[in-house]
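Asker: A single structure is presented below for examination.
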Amino acid sequence: MLVELNSLLMEDEVAWLQKSHDNWLLKGDSNTEYFHRMVNGRRRRNTIISLSCGDMIIEGNKNMLKHATDFYKDLFGPAPGNLCKIDGNMWDDKEKLGDIENFLLLRPFSDTNVKNALFLMKHNKAPGPDNIPIEFFQSCWDIVKKDVMLLFDWFHENNLDVERLNYGIITLLPKVAGADKMQQFRPICLLRCIYKLITKVLTIRLEPHVDVLFSRHQNAFIKNIDIMDGIMSLHEILHHTYAEKKKGIVLKLDFEKAYDKVNWEFLLDCHSKRNFDPRWIDWIRRILVGGTISVKLNDEVGEYFQSAKGVRQGDPLSPFLFNLAADCLTKMVLKAQENGLFTGLAADLVENGVAIFQYADDTILSFEDNVSNALNIKLLLYLFKIMSGLKINFLKSEIFSVGADDDTMRNYADMFNCEIGAFPIKYLGMPVSYAGLKCSDWLFVDDKFISHGESWISESLSSGGRLIKVNTVLSHIPSYYMSMALIKRSTLEKWDKPRRKFFWHRKGRKGYHMVKWTRVCRSKAKGGLGVKDLRKQNISLLAKWWWKLEKKKGLW
1 MLVELNSLLM EDEVAWLQKS HDNWLLKGDS NTEYFHRMVN GRRRRNTIIS LSCGDMIIEG
61 NKNMLKHATD FYKDLFGPAP GNLCKIDGNM WDDKEKLGDI ENFLLLRPFS DTNVKNALFL
121 MKHNKAPGPD NIPIEFFQSC WDIVKKDVML LFDWFHENNL DVERLNYGII TLLPKVAGAD
181 KMQQFRPICL LRCIYKLITK VLTIRLEPHV DVLFSRHQNA FIKNIDIMDG IMSLHEILHH
241 TYAEKKKGIV LKLDFEKAYD KVNWEFLLDC HSKRNFDPRW IDWIRRILVG GTISVKLNDE
301 VGEYFQSAKG VRQGDPLSPF LFNLAADCLT KMVLKAQENG LFTGLAADLV ENGVAIFQYA
361 DDTILSFEDN VSNALNIKLL LYLFKIMSGL KINFLKSEIF SVGADDDTMR NYADMFNCEI
421 GAFPIKYLGM PVSYAGLKCS DWLFVDDKFI SHGESWISES LSSGGRLIKV NTVLSHIPSY
481 YMSMALIKRS TLEKWDKPRR KFFWHRKGRK GYHMVKWTRV CRSKAKGGLG VKDLRKQNIS
541 LLAKWWWKLE KKKGLW
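Heads up: the sequence shown at position 102 corresponds to 102 in UniProt numbering, and the numbers run straight through without jumps.
If you want it as structure tokens, here you go:
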């Protein structure tokens, strides 16, 4: 009976873990209270009380669901026809797929291919409309393998009606606290697992060929190039421009609903111009076209409708498809530079200068202080929008200057209809400037510590649970930023404070710090608890740049 009781308690804990969507499980503790609080917190944040549309306030689930459905019907509605086409001569032969690459993409699907893709898919994710989670296919692979492989054979031979699998439910995640406008929600599409398995297999087949397909200016997915390389390159270009006392302009672009507005005709044309086999292009067409979606709001699902453009957030293949479209902008910029239409920054170091930094839809353009440069860039962005459907939201974009005066910047801001920004630029979540960063530039990190280290969380956990939370969550918050810059000691001490407070906190009263924090940060072999020392972690993370230079990895 005791064994059965423990089993039931464990099942209850796992159920609350799945509902909480927390990715760290504290083994050895009963964490039901913690997970229960996490679930309630998520419910409060994600429940939509009302929506605003202009001057009108919409209330009631039925009315809000209709408003959300109409919004996405319009957003995913038919795209305007392509008035401009891509010139296939933009890409050299080495930037196009060859016969060998196409052969590898089109080879039959084996049991190993499908099984590897299946077991790479993450656990504890929300299921699609059929309510079958990925764990079912993983646990029952030996039972369902025959049927799944038959489905892949049909897909390979173009005998599978993909439309019957291609439907999903859009769930709305607020981008900001108190979101009440449709533009303030991120639409994540929950798709059937079997459909995602097909796109996952295709994604894995594409991965070895990204070096051919994507420019090195597009940092996403390129082998031996990570997210920090683009950030470091931007900093070095800005610093060089400032040190040489030259004038430069930096335009940070904001794509309006980037994934949701990609023109399918343009996307398929990108495949054709990069020499994909017609059969692969047909596979992509069948995956894109004919899909139906509905909107879920406060646990109510609306009517299904067909989409006519965009790639869905939540589909494993979507990032690759979007990057293929975005890479076209990179190529247009590089070709414009070759033809003398504008010059990027640091032209004394790099031929024609560096004009674009891109990571998926995070894009920064940089050019020398010259009005004709700016006019040509604006024309280029307009042409890209006509072709791809990807519109720049200039009202949310920002323009920055290195060495230019205020009057010049106002002229540029009026030209692009955007705001004048102040350094540091926030690029990929990292503050970047032409000079060193000040302590005040890191204040936004404090909010991250506050949200993850609230007192109610520590009250729900034992000492062992708090230790794991400190090591797995709080200690990793600054890791991203410490990979780029040598953080001042005063800032590191400030970041240590919420870690100490969280660890020593006791329910209902102030925690007593029993030993020095430096001792807690020692390894367990030396009498500590193995909590990461932020100063040592910072230096260790920065050491990788020496390794990259030594091994000639990265963008240089």
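Using N, Cα and C, we set each Cβ at its ideal position, and we do this for glycine too.
Any idea which residues DSSP pairs Gly248 with across the strands?
Answerer: BP columns for Gly248 point to Glu368 and Val402.
Asker: The beta strand (DSSP E) that contains Arg186, what's its start and end?
Answerer: Segment Phe185 to Leu191, the beta strand (DSSP E) holding Arg186.
Asker: Looking at Pro316: is its Cβ nearer than 8 Å to the Cβ of Lys196?
Answerer: Yes; because the gap between Cβ atoms is below 8 Å, this pair is in contact.
Asker: What are the residues that DSSP puts in a beta bridge with Gln218?
Answerer: Note: Gln218 sits in a beta bridge opposite Gln358.
Asker: List the residues that DSSP assigns as beta-bridge partners of Val432.
Answerer: In DSSP, Val432 forms a bridge with Ile425.
Asker: Buried or exposed for Cys140, going by 16 or more other Cβ atoms inside 10 Å?
Answerer: Flag for Cys140 reads exposed.
Asker: Taking C-alpha atoms, which residue in Asp369, Lys145 and Ala346 lies nearest to His240?
Answerer: Of the listed residues, the one whose Cα sits closest to His240 is Ala346.
Asker: If you drop the 5 nearest sequence neighbours on each side, which residues of the same chain put their C-beta closer than 7 Å to that of Val295?
Answerer: So the qualifying residues of the chain are Leu65, Ala68, Thr69, Tyr72, Ile170 and Gly302.
Asker: Can you tell me whether Ile477 is helix, strand or coil according to DSSP?
Answerer: Coil, per DSSP.
Asker: Which residues in the same chain as Ser523 place their Cβ atom closer than 6 Å to its Cβ, once the five residues preceding and following it in sequence are excluded?
Answerer: Gly530, listed in sequence order.
Asker: Find out if the Cβ-Cβ distance for the pair Met149, Val114 is shorter than 8 Å.
Answerer: Closer than 8 Å, so yes.
Asker: Use the C-beta contact count for Gly429: other C-beta atoms within 10 angstroms, 16 or more gives buried, fewer gives exposed.
Answerer: Classification of Gly429: exposed, given that the 10 Å Cβ count is below 16.
Asker: First and last residue of the beta strand (DSSP E) that includes Val515?
Answerer: Neither: Val515 is in no beta strand (DSSP E) and is coded neither H nor E.
Asker: In whole angstroms, what separates the C-alpha of Leu188 from that of Arg312?
Answerer: Here the sequence assigns Ile to residue 188, which means Leu is not the residue at that position. Their Cα atoms are separated by approximately 7 Å.
Asker: Would you check if the distance between the CB atom of Gly403 and the CB atom of Lys246 is smaller than 8 Å?
Answerer: The answer is yes: Cβ separation under 8 Å.
Asker: If we cut at 8 Å on Cβ distances, does Gly344 have a partner in chain C?
Answerer: You won't find chain C in this structure, because it holds only one protein chain.
Asker: Does DSSP classify Pro127 as helix, strand or coil?
Answerer: Correct three-state label for Pro127: coil.
Asker: Rounded to the nearest angstrom, what separates Pro127 and His156 at their Cα positions?
Answerer: Going by the C-alpha atoms only, they are around 25 Å apart.
Asker: Less than 8 Å between the C-beta atoms of Pro129 and Arg192, yes or no?
Answerer: Cβ distance < 8 Å, so Pro129 and Arg192 count as in contact.
Asker: Let me check understanding here. Comparing Cα to Cα, which of Ile249, Ile356 and Asp260 lies closest to Asn370?
Answerer: Comparing Cα positions, the closest option is Ile249.
Asker: Go through the region 260-298 residue by residue and report every complete run of the beta strand (DSSP E) that reaches 3 residues or more, in order.
Answerer: Counting whole runs of 3 or more residues, the region 260-298 contains the beta strand (DSSP E) stretches 292-297.
Asker: Alpha carbon to alpha carbon, how far is Ser366 from Thr343? Give it in angstroms, no decimals.
Answerer: Roughly 9 Å between the two C-alpha positions.
Asker: Could you tell me the alpha carbon to alpha carbon distance between Phe305 and Ile132, rounded to whole angstroms?
Answerer: Looking at the two C-alpha atoms, the distance is approximately 22 Å.
Asker: Hey, is the region 271-287 in contact with the region 429-441, meaning 3+ C-beta pairs nearer than 8 Å?
Answerer: Flag = no, the region 271-287 and the region 429-441 do not touch.
Asker: Cys140 lies in the alpha helix (DSSP H); which residues open and close that run?
Answerer: Unbroken run through Cys140: none, as it is neither H nor E.
Asker: My assumption, with CB atoms under 8 Å, is that Asn219 sits in contact with Tyr382. Please give the rounded CB distance.
Answerer: Actually they do not touch by this definition, with Cβ atoms about 25 Å apart.
Asker: How far does the beta strand (DSSP E) with Met56 in it reach, from first residue to last?
Answerer: From DSSP, the beta strand (DSSP E) with Met56 extends over Met56 to Glu59.
Asker: Consult DSSP for Gln313 and reduce its assignment to one of helix, strand or coil.
Answerer: In the structure shown, Gln313 sits in coil (DSSP, three-state: anything other than H, G, I, E or B).
Asker: Going by beta carbon distance, what residues of the same chain come within less than 7 Å of Ile198, once the five residues before and after it are set aside?
Answerer: These residues qualify, in order along the chain: Phe155.
Asker: Check the DSSP bridge columns for Gly168 and list the partner residues they point to.
Answerer: Answer is Leu191 and Ile293.
Asker: Look up Ile132 in the DSSP assignment and say whether it is helix, strand or coil.
Answerer: It is coil, neither helix nor strand.
Asker: Measure the alpha-carbon distance for Lys470 versus Val520 and round it to whole angstroms.
Answerer: The residue asked about is misnamed: residue 470 is Val in this sequence, not Lys. Using only the alpha carbons, I get a separation of about 11 Å.
Asker: Within 10 angstroms of the Cβ of Arg478, are there 16 or more other Cβ atoms? Answer buried if so, exposed if not.
Answerer: Reading the sequence as shown, one finds Pro at residue 478 and not Arg. Under this definition Pro478 is a buried residue.
Asker: Grouping DSSP H, G and I as helix and E and B as strand, with all else coil, what is Val148?
Answerer: It is helical.
Asker: Suppose you measure from the CA of Asn538 to the CA of Lys426; what does that come to, to the nearest Å?
Answerer: Computed Cα separation, rounded: 20 Å.
Asker: In the DSSP assignment, the beta strand (DSSP E) including Leu51 goes from what residue to what residue?
Answerer: Per DSSP, Leu51 belongs to the beta strand (DSSP E) from Ser50 to Cys53.
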